[in-house]
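Student: So that we are looking at the same thing, I have put the structure below in structure tokens.
Residue numbers (my numbering): 1 to 396.
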């Protein structure tokens, strides 16, 4: 960002902008993490997280780890080597969760999904219906696939499992969906939810958690996978976390309490509506660009386009990373890159967490400048389309 003045517009799809209120809450001395003050803070934060997850019974367990740590906790605690799981393929992050399962010696079956489309719950149901011996121990699904900007159908997947009469555990990654749009753990009968603090919860990277149903907690008692740092048996008593393996990440809890205050003050439904409003404005802008032969929204099925971020597919022959580089170096806007097979093909605009309309419009204007500078064709009127989308929502 040499030579760029003013604030950077940080539009990554995670980590996201950290509010000053959260940073200030974390800027305080350490305290005894076994003492009553921290224990009360820990218990209150985990109970409040249950309201975001919309669960009354699940045991929420936090870790000093990124989301990869929570993935590992889910695999280490629930399964034994050689057991079979089905992973609904949705992109980079579903494949990495599958790689974690493989590293623990599980038999991982990938349920393929065509690029730019949502997970096919009918195919999932058909696969489970063929499993007469119930050898499949779990179904793993990423709610919001950050690499592609797509939301996947959790409630419908649960219905497919039930329709097949299958006892498989249902594991859902909520890392980039939680506190950005609705997640209903109890209603959707999710057995294990995986979450992280650095996206909709507006924390720095380094705090993750799992929420386990009674069925998942029971499965953990019989599982034979090796585990220590993430071992629920050492951390959970009577369906609540009572300790950490090692030092507690106390400053993350100071920040989490402040973030939860902000979410509760805004109102969770209003948080969801804000994310939907910003997402619709972003898609309206990209649609205008696409009309001139320019970049387009990556998901083909618009109903499954994410409210957390928008993945933007470049026209053939143009490099997304060049656009990203220009946007950051000349205009101070940081965008997410494409991952693995999408590198150079897409850039990603994060619009989750601590974000409002002027921040989004400023970023979209700068991206349009970067498209011009990179010689990428695009239709005009993107900013006007975004403003119209925001204005239409505000008038309701």
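Virtual Cβ for every residue (Gly too), placed ideally from N, Cα, C.
In this text, all values refer to a predicted model and were calculated from it rather than measured experimentally.
In this structure, what does DSSP give as the bridge partners for residue 237?
Tutor: 240
Student: How far does the alpha helix (DSSP H) with residue 282 in it reach, from first residue to last?
Tutor: 268 to 291
Student: Restricting to Cα atoms, I'd like to know which of 10, 51, 58, 348 is closest to residue 190.
Tutor: Minimum Cα-Cα distance from residue 190 among the listed residues 10, 51, 58, 348 corresponds to 58.
Student: Report yes if the C-beta distance between residue 333 and residue 9 is below 8 Å; otherwise report no.
Tutor: yes
Student: For residue 309, count the other beta carbons within 10 Å of its own beta carbon; 16 or more makes it buried, fewer makes it exposed. Which is it?
Tutor: buried
Student: Any idea if residue 61 is buried or exposed, counting beta-carbon neighbours within 10 angstroms, 16 or more meaning buried?
Tutor: buried
Student: Among 208, 289, 387, which has the Cα closest to the Cα of residue 398?
Tutor: Because the chain in this structure spans residues 1 to 396, residue 398 falls outside the shown range and cannot be described.
Student: Buried or exposed for residue 395, going by 16 or more other Cβ atoms inside 10 Å?
Tutor: For residue 395, the pLDDT reaches just 49, beneath the cut-off of 50, and the residue's location in the model is therefore unreliable, although a value from the coordinates is still provided. Burial call: exposed.
Student: Is the distance from the Cβ of residue 383 to the Cβ of residue 357 below 8 Å?
Tutor: no
Student: According to DSSP, is residue 305 helix, strand or coil?
Tutor: strand
Student: Within its chain, find whatever has a CB closer than 8 Å to the CB of residue 37; leave out the 5 residues flanking it on each side and keep chain order.
Tutor: 31
Student: Just to check my reading of the structure: residue 258 and residue 21 have Cβ atoms closer than 8 Å, yes? What is that Cβ distance to the nearest angstrom?
Tutor: Yes, they are in contact, since the Cβ atoms of residue 258 and residue 21 sit about 5 Å apart, within 8 Å.
Student: Determine the DSSP secondary structure at residue 1, reduced to helix, strand or coil.
Tutor: Caution applies to residue 1, whose pLDDT of 44 falls short of 50 and renders its modelled position unreliable; the value that the coordinates give is listed next. Note: residue 1 maps to coil in three-state DSSP.
Student: Which first and last residues belong to the alpha helix (DSSP H) in which residue 223 is found?
Tutor: Residue 223 -> no alpha helix (DSSP H), and no H or E assigned at all.
Student: On the three-state DSSP scale, how would you describe residue 77?
Tutor: In the displayed model, residue 77 falls within a helix according to three-state DSSP.
Student: Taking one C-beta from the region 158 to 173 and one from the region 114 to 128 each time, how about it: are there three or more such pairs within less than 8 Å?
Tutor: yes
Student: Measure the Cβ-Cβ separation of residue 338 and residue 330 and say whether it is below 8 Å.
Tutor: no
Student: Please tell me whether residue 336 and residue 348 are closer than 8 Å, where the distance is taken between their beta carbons.
Tutor: It is a contact, given that the beta carbons lie within the stated cut-off.
Student: Roughly how many angstroms separate the alpha carbons of residue 111 and residue 98, rounded to a whole number?
Tutor: 11 Å
Student: Would you check if the region 70 to 85 and the region 220 to 234 touch, i.e. whether three or more CB-CB distances between them fall below 8 Å?
Tutor: yes
Student: Buried or exposed for residue 149, please, with buried defined as at least 16 other CB atoms from any protein chain shown within 10 angstroms of its CB.
Tutor: Classification of residue 149: buried, given that the 10 Å Cβ count is 16 or more.
Student: For a quick check, are the C-beta atoms of residue 178 and residue 206 less than 8 Å apart?
Tutor: Contact flag unset, no.
Student: Could you check which residue in 138, 223, 188 has the C-alpha nearest to that of residue 166?
Tutor: Ranking 138, 223, 188 by CA distance to the CA of residue 166 puts 138 first.
Student: Report the option in 34, 314, 130, 219 whose CA atom is closest to the CA atom of residue 246.
Tutor: For the options 34, 314, 130, 219, the alpha carbon positioned closest to that of residue 246 is the one of 34.
Student: Among 27, 314, 256, whose alpha-carbon lies nearest the alpha-carbon of residue 399?
Tutor: The first residue shown for the chain is 1 and the last is 396, placing residue 399 beyond what the model contains.
Student: Could you compute how far the alpha carbon of residue 96 sits from the alpha carbon of residue 87?
Tutor: 10 Å
Student: Quick one: complete alpha helix (DSSP H) runs, 4+ long, within the region 78 to 165?
Tutor: 92 to 103, 121 to 129, 154 to 163
Student: Given 8 Å as the limit, is there contact between the region 212 to 230 and the region 274 to 289, that is, 3 or more CB pairs closer than that?
Tutor: no
Student: From the DSSP output, in three-state form, read off residue 36 for me.
Tutor: helix
Student: State buried or exposed for residue 241, treating a residue as buried only when at least 16 other CB atoms are found within 10 Å of its CB.
Tutor: buried
Student: Quick check on residue 310: does DSSP put it in helix, strand or coil?
Tutor: strand
Student: For the alpha helix (DSSP H) that residue 326 lies in, which residues bound it at each end?
Tutor: Unbroken alpha helix (DSSP H) run through residue 326: 320 to 331.
Student: If we ignore side chains and look at the alpha-carbon of each, how far apart do residue 222 and residue 16 end up?
Tutor: 38 Å
Student: Let me know if residue 265 comes out buried or exposed under the rule of 16 or more other beta-carbons within 10 Å of its beta-carbon.
Tutor: exposed
Student: Do residue 343 and residue 118 have their CB atoms nearer than 8 Å?
Tutor: no
Student: I need the straight-line Cα distance from residue 297 to residue 312, nearest angstrom please.
Tutor: 5 Å
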